[in-house]
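I have placed the structure first, in the form of structure tokens, so that the comments after it can refer back to it.
Chains as they are written, first to last, in my numbering: chain A, 722 to 835; chain B, 32 to 147.
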């Protein structure tokens with residue numbers, strides 16, 4: 722199972738882009754990268770996922786390097802409400818591949834400052 | 032669409048007492064998860080159900096924790112007897128996976144348990 726490495730904390734100025742890095746050097750060719758965030762006192766919230774192409778939705782963009790060993794989550798215009806812990810996860814798949822689940826690490830605590 | 036419901040939101044018990052948490056997933060979601068989140072750590076998966084069958088309970092402390100999902104909808108997680116180290120937030124999540132294998136999980140607000 723691929724493991725991920727994230728910085729424990731980051732700061733970002735309000736209105737600026739927040740770029741959150743994640744290393745997943747042992748990822749295999751068919752494993753996705755998922756991003757979740759957890760705002761204080763709430764449950765985690767799904768943000769985005771990708772395989773090898775860059776992805777964008779209403780919340781964020783996901784940039785995956787060509788070798789797929791790392792990725793960056795981009796919040797284009799961070800607001801105070803984006804202050805949260807961000808988790809980068811490569812899901813664990815069971816043998817046989819039909820199911821799996823998420824293993825959360827400690828994530829990156831993003832603080833957006835006015 | 033209603034989200035994942037959990038109750039109670041808060042619970043305080045003494046060690047060696049028992050406690051139960053309830054979860055109602057999003058309608059139609061076949062997969063249900065229970066997580067334990069200790070302060071300062073990421074959520075730790077305790078048990079995963081597919082409909083009413085257990086898919087993964089490898090990290091469930093089975094000597095004191097139990098969970099069931101009898102009709103493939105609601106689920107309860109029980110701790111008996113509780114220890115001080117069980118103080119945590121217990122999160123329930125569900126996923127529909129209606130488009131093949133999906134890890135888009137929807138989380139409830141959690142139950143904060145304090146064991147004194």
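The beta-carbon is built from N, C-alpha and C at its ideal position, and this holds for glycine as well.
Computed from a predicted structure; not experimentally measured.
- Taking CB atoms only, residue 822 of chain A has a neighbour in chain B less than 9 Å away.
- Between the beta-carbon of residue 831 of chain A and that of residue 800 of chain A there is about 11 Å, and that puts the pair past the 8 Å contact cut.
- Distance from residue 764 of chain A to residue 80 of chain B at the Cβ level is roughly 17 Å; contact not present, criterion being Cβ atoms closer than 8 Å.
- The beta carbons of residue 98 of chain B and residue 89 of chain B sit about 13 Å from each other, so the pair does not count as a contact at 8 Å.
- Looking from the CA of residue 751 of chain A, the closest CA among A:739, A:772, A:761 belongs to A:772.
- The alpha-carbon of residue 116 of chain B is positioned some 9 Å away from that of residue 145 of chain B.
- Under the DSSP assignment, residue 731 of chain A falls in the beta strand (DSSP E) whose first and last residues are 730-734.
- Counting C-beta pairs closer than 8 Å gives fewer than three between the region 45-54 of chain B and the region 775-790 of chain A, which falls short of the contact rule.
- Inter-residue distance for residue 749 of chain A and residue 45 of chain B is about 46 Å (C-alpha atoms, whole angstroms).
- Taken through DSSP and simplified to helix, strand or coil, residue 801 of chain A comes out as helix.
- Contacts with chain B at 9 Å (Cβ-Cβ) do not include residue 835 of chain A.
- Sequence-ordered contacts of the region 62-78 of chain B with chain A read 62, 64, 66, 68, 71, 72, 73, 74, 75, 76 [C-beta pairs closer than 9 Å].
- Going by DSSP, residue 99 of chain B is part of the beta strand (DSSP E) stretching over 96-99.
- Between residue 795 of chain A and residue 738 of chain A, the C-beta gap is smaller than 9 Å, which places the two residues in contact.
- When DSSP states are grouped into helix, strand and coil, residue 63 of chain B belongs to the strand group.
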